[in-house]
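Residue numbers (my numbering), protein chains in the order written: chain A, -9 to 283; chain B, 3 to 395.
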Amino acid sequence: MIGAIATAIIQATLVSAVYALIAIGFTMIFGVAGVLNLAHGALLMAGAYVYGIVVMRNIVPSMTYHPAVGVIAGIVVVAILSLLLYELLVRWVEDNVVITFLSTVILAVASTEFLVWIFGGQNIRISLIEGQFALANARVAYYEAIGFAVSWIAIALLWFYVTQTDDGRSILATSMSERGAQLTGVNIRMVRAKTWIIAGALAGLGGMFLGFDSGLSPLMWLNPLAVAFIAVVVGGIGSIKGSVAGAYLIGFIEQITVELIGNGFRGMPTLILLVGFLLFMPQGLFGREFAHE
Amino acid sequence: MSSLTLIFTVLAAASSRASEVFGTIRRTILTPIGRVFDFLLAPVDRAFRPLAKVFNRTLGKFLGTVTGLQLAFVLTTFLLLLTGGIWGASIIAFEPGEGLIALDIRRPLAYACIWAVFAMGWDIQSGYTGYISFGHSVLSGGAAYTTAVLLNEVSSTLPLYVTAPISVFAAVVIGLLIALPSLRLQGPYFSLITFAAVLLFFQATRAFDILGGSAGLRITRVIPAADSFTRYYLLLIPMLLIAVALTVLSRSNYGLIFTAIRENEDAVSAAGINPTKFKIWSFLISSIVMGIGGVMLTAAVSNVDPTQFVQVDRSIEMIAMAVVGGIATVLGAMGGAFVFFLLKEVVLNLFIDEAALRLFVLFLLVVLILVFARDGLFRKLWHRLGQIGGEEP
């Protein structure tokens, strides 16, 4: 029994680390630009597919580079895609919340069809490194451990950037008060572009680790998008700290549900959590950090 | 950082160049074509003006006022729809490599009727109140699954007049379950809950054996597939009735309040009207329409499965249709459904063999419409027609 609980806790911690990567980018874009980017899931998906193309033999046989190259390619390509998404689409419609919502979600569906067209609808396995090790009765795959480490390194770097450098502080300032930031000479356009690039890079990273876990499939954007939503609402919209906390909360609740009830009910308790937060605590756990005008 | 600046410069140059090109196209091609149309259509407008006057005096109160040309347009559209079972049997199309061919498009037309019901059902709630739902396939899917479960578990010979009311009622109950907690909230939260509701329903179809898993539930068709003519009219008539009912509703005080909620919810409260109550009303009406649409779709198919009825793509398709036609215009959403469906099943079919590529192109077109014509094609067309009749732009 104790062993089972330990296993569940370890699994939940590992899953939550990836969820955190997914949620941070989503919340940053909302905090800084006021945009709920529903194509965020499509960016995650792009990261996983880019890794698959660059590294895996079973997708493009002639391209079998080292996994490290694949990870870097995934991050860079998705960061660029994210910037393009902002420059080519979101910038032109962001004055209207409804149109932004609709165009990003329709773009996500279009990306699904694009991937079905190129790669087919089946699930494709991708891997970082094989093998696993034992940790307190639990079997932990190497890629899960790496995902956990990478997630916290990324969070630490982001924290350092946003709080300790002038460049990053301008992002924080913009999310607190756009007008105020503008008055102190912050280039809002540049800040937004940087935010989309950072969010894209994190999404690419998170997407790859989702791919290592459950493979590539054209609909893999759906559940992570819901996770990002819920994590952001639970943590407080726009708060980075909150979205990390929210991601861990969701990861643990999901894991407990899977252990106690069964895999088919994975998403239900988190949804109840979402409704509860919306009704009784709509500002979330850390809602005040990024106050939007 | 310098590469970032470089990307910016390139993008800025590209966008200014693009707007230049658009300007030239507008000046040299679009405006002259528009003038030719104005010239040709002005007599039509004059011919229909007396009829439009009668229409405005008698029905204008319920359906809104029209100019002569707009009335001619509406009448032509309805005539085309009403005779669709006849001309739809063989239209002439051009297929690359094949030349001119005859096509029977009554099947896509019949299914477009069902999707038009969905698009209008989405529009009367999300389009009018501005509370965007990503979960309307839960409502139609709920009705469909209720019918299928009744047929499978109770008796496979239950007639439509028993299953249909229960299924619509089920859609309303599901609608209330979603609307009551979520519509008290403002902003994007509502959309999040509806999105999660789709994922949840999709999961439930696999978690509970009674719902048949990913293979779905087999049922017998109520509307036989063999007779395309009858099927088209059996689906067209309820669709037209719903279209008229929703148009009347949208022109009534209810429609006005729904629009006011979208434009300024605080002002609605300040006027002494409880917005939450009307948001729930709009969702309720929408649930009824979605329930009817779900029953219609169930009657025309032989299998109820999650991919066809529930998956979030279905909700997005409804939204795409309404967007193409014009958000918050009941009849625009209806037209959008026909445009979307005929593009998907007929026009793009001629040029692109790959189903996924076809959908990809189609959704990109929808995004382009959102960016460049966010009011929708039919609303733009409607106002253009009104201008020819001397209406203020």
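Don't be surprised by glycine CBs; every beta carbon is placed ideally from N, CA and C.
Assuming the contact rule is C-beta atoms closer than 8 Å, residue 176/A and residue 162/A should be a hit. Round their C-beta distance to whole Å, please. Taking the first residue of the first sequence as position 1, residue 176/A is located at position 186. Taking the first residue of the first sequence as position 1, residue 162/A is located at position 172. That pair is no contact at about 10 Å.
Output the distance between the C-alpha atoms of residue 14/A and residue 336/B, rounded to the nearest integer angstrom. Locating residue 14/A in the first sequence gives position 24, counting from the first residue. Locating residue 336/B in the second sequence gives position 334, counting from the first residue. Taking the straight line joining both Cα atoms gives about 39 Å.
Counting only Cβ-Cβ distances shorter than 7 Å, please list the residues of the stretch 207 to 236 of chain B near chain A, keeping chain order. Those would be 208 and 209, in chain order.
Within its chain, find whatever has a CB closer than 7 Å to the CB of residue 383/B; leave out the 5 residues flanking it on each side and keep chain order. Looking up residue 383/B in the second sequence gives position 381. Taking residue 383/B as the centre and dropping the five residues before and after it, the same chain places no C-beta closer than 7 Å to its C-beta.
Would you say residue 375/B faces chain A, with C-beta separation under 7 Å as the test? The sequence position of residue 375/B within the second sequence is 373, counting from 1. Chain A, which has no Cβ nearer than 7 Å to the Cβ of residue 375/B, makes this no.
Helix, strand or coil for residue 107/B, going by three-state DSSP, please let me know. By one-based count along the second sequence, residue 107/B stands at place 105. Assigned with DSSP and collapsed to three states, residue 107/B falls in coil, not helix or strand.
Below-7 Å beta-carbon distance, residue 133/B vs any chain A residue: Position 131 of the second sequence, counted from the start, is the residue given in the question as residue 133/B. Residue 133/B does not count as touching chain A.
Is there at least one non-hydrogen atom of the ligand GTP closer than 6 Å to the beta-carbon of residue 145/A? Among the components modelled here there is no ligand, and therefore nothing to report on the ligand GTP.
Hey, quick one: how far does the alpha helix (DSSP H) through residue 122/A stretch, first residue to last? Along the first sequence, read from residue 1 onward, the residue named residue 122/A stands at position 132. Note, residue 122/A: premise wrong, no alpha helix (DSSP H); beta strand (DSSP E) at 122 to 125.
In chain order, what residues of the same chain lie with their CB nearer than 7 Å to the CB of residue 294/B, ignoring the 5 residues before and after it? Translated into positions along the second sequence, residue 294/B becomes position 292. Taking residue 294/B as the centre and dropping the five residues before and after it, the same chain places the C-beta of 119, 170, 240 and 244 closer than 7 Å to its C-beta, in chain order.
Minimum C-alpha distance to residue 212/A - residue among 34/A, 138/A and 116/A: On the first sequence, residue 212/A is found 222 positions in, with the first residue counted as 1. Out of 34/A, 138/A and 116/A, the CA that lies nearest to the CA of residue 212/A is found in 34/A.
Are the CB atoms of residue 176/B and residue 144/B nearer to each other than 7 Å? Numbered from 1 along the second sequence, position 174 holds the residue referred to as residue 176/B. Numbered from 1 along the second sequence, position 142 holds the residue referred to as residue 144/B. Yes, these two residues count as a Cβ contact at 7 Å.
Quick one: Cα of residue 352/B to Cα of residue 342/B, how far? In the second sequence, counting from the first residue as 1, residue 352/B sits at position 350. In the second sequence, counting from the first residue as 1, residue 342/B sits at position 340. Cα to Cα, the separation comes out at about 15 Å.
Beta-carbon separation of residue 268/B and residue 328/B under 7 Å? By one-based count along the second sequence, residue 268/B stands at place 266. By one-based count along the second sequence, residue 328/B stands at place 326. In this structure, residue 328/B does not lie closer than 7 Å to residue 268/B by Cβ.
Can you check whether the C-beta of residue 103/A is within less than 7 Å of a C-beta belonging to chain B? Within the first sequence, the letter at position 113 stands for residue 103/A. Yes, residue 103/A counts as interfacial toward chain B.
Can you tell which of 333/B, 373/B and 363/B has the C-alpha that lies nearest to the C-alpha of residue 380/B? Position 378 of the second sequence, counted from the first residue, corresponds to residue 380/B. Closest in alpha carbon position to residue 380/B, among 333/B, 373/B and 363/B, is 333/B.
Suppose contacts are defined by Cβ-Cβ distances below 7 Å. Is residue 292/B in contact with residue 185/B by that definition? On the second sequence, position 290 is the one that residue 292/B refers to. On the second sequence, position 183 is the one that residue 185/B refers to. Going by C-beta atoms, residue 292/B is not nearer than 7 Å to residue 185/B.
Quick one: residues in its chain with C-beta nearer than 6 Å to the C-beta of residue 150/B, no 5 flanking neighbours on either side, listed in chain order? Counting from 1 along the second sequence, the entry for residue 150/B is found at position 148. Residues 219, 221 and 306 of the same chain have their beta carbon placed closer than 6 Å to that of residue 150/B, with the five preceding and five following residues left out of the count.
Just how far apart, CA to CA, sit residue 113/A and residue 202/A? Reading the first sequence from its first residue, position 123 is the one you call residue 113/A. Reading the first sequence from its first residue, position 212 is the one you call residue 202/A. Using only the alpha carbons, I get a separation of about 12 Å.
Just by C-beta distance, which residues in the stretch 214 to 232 of chain A are closer than 8 Å to chain B? Answer in chain order: 215, 216, 219, 220 and 223.
Taking Cβ-Cβ distances below 9 Å as the criterion, which residues of the stretch 181 to 211 of chain A are in contact with chain B? So the close ones are 183, 184, 187, 208 and 209.
With a 10 Å radius around its C-beta and 16 neighbouring C-beta atoms as the bar for buried, classify residue 50/A as buried or exposed. Position 60 of the first sequence, counted from the start, is the residue given in the question as residue 50/A. Label assigned to residue 50/A: exposed.
Any C-beta of chain A sitting closer than 7 Å to the C-beta of residue 268/B? Here residue 268/B corresponds to residue number 266 of the second sequence, with the count starting at 1. Taking Cβ atoms only, chain A never reaches closer than 7 Å to residue 268/B, which makes this a no.
If you measure from the beta carbon of residue 187/B to each beta carbon in chain A, is any gap under 7 Å? For this step, residue 187/B is matched to residue 185 along the second sequence. Residue-level contact by beta carbon holds for residue 187/B and chain A, with a gap shorter than 7 Å.
Counting only the same chain and skipping the five closest in sequence on each side, list residues whose C-beta sits under 7 Å from that of residue 198/A. Residue 198/A sits at position 208 when you count from the first residue of the first sequence. Counting only residues of its own chain and dropping the five nearest sequence neighbours on each side, residue 198/A has a CB closer than 7 Å to the CB of 37, 38, 41, 61 and 64.
By the criterion of Cβ-Cβ separation under 7 Å, what are the contact partners of residue 89/A in chain B? In the first sequence, the residue the question calls residue 89/A occupies position 99. Simply 372 and 376.
Between which two residues does the beta strand (DSSP E) carrying residue 136/A extend? Working through the first sequence from its first residue, we reach residue 136/A at position 146. Counting along the chain, residue 136/A falls outside any beta strand (DSSP E), though it belongs to the alpha helix (DSSP H) covering 132 to 154.
Which residues, taken in chain order from the stretch 305 to 331 of chain B, show a beta carbon closer than 7 Å to some beta carbon of chain A? Residues of the stretch 305 to 331 of chain B with a C-beta less than 7 Å from any C-beta of chain A: 314, 315, 318, 321, 322 and 325, listed in chain order.
How many whole angstroms separate the CB atoms of residue 25/B and residue 235/B, which I take to be in contact at a CB cut-off of 8 Å? By 1-based counting over the second sequence, the position of residue 25/B is 23. By 1-based counting over the second sequence, the position of residue 235/B is 233. Rounded to whole angstroms, the Cβ separation of residue 25/B and residue 235/B is 47 Å, and the two are not in contact under 8 Å.
Count the other CB atoms, across all protein chains shown, that sit within 10 Å of the CB of residue 27/B; report buried if there are 16 or more and exposed otherwise. The sequence position of residue 27/B within the second sequence is 25, counting from 1. Residue 27/B is exposed by the Cβ-count criterion.
Span of the beta strand (DSSP E), counted from its first residue to its last, around residue 96/B: Taking the second sequence and counting its residues from 1, the one referred to as residue 96/B is at position 94. Where residue 96/B is concerned, the enclosing beta strand (DSSP E) stretches over 93 to 97.
State the DSSP-derived secondary structure class of residue 128/A, mapped to helix, strand or coil. In the first sequence, residue 128/A corresponds to position 138, counting from 1. Secondary structure of residue 128/A (DSSP, three-state): strand.
Check whether the Cβ of residue 16/A lies closer than 7 Å to any Cβ atom in chain B. Mapped onto the first sequence, residue 16/A falls at position 26. False, the Cβ-Cβ gap to chain B never drops below 7 Å.
Under 7 Å, do residue 188/A and residue 217/A count as touching if we go by C-beta distance? Along the first sequence, read from residue 1 onward, the residue named residue 188/A stands at position 198. Along the first sequence, read from residue 1 onward, the residue named residue 217/A stands at position 227. No, these two residues do not count as a Cβ contact at 7 Å.
Name the residues in the stretch 342 to 366 of chain B whose C-beta lies less than 7 Å from a C-beta of chain A; which are they? Under the 7 Å Cβ criterion, the stretch 342 to 366 of chain B contributes 356, 358, 359, 361, 362, 365 and 366.
Run down chain B in chain order and give the residues with a C-beta less than 7 Å from the C-beta of residue 255/A. Counting from 1 along the first sequence, the entry for residue 255/A is found at position 265. Neighbours of residue 255/A in chain B, taken as residues whose beta carbon is under 7 Å from its own, are 209 in chain order.
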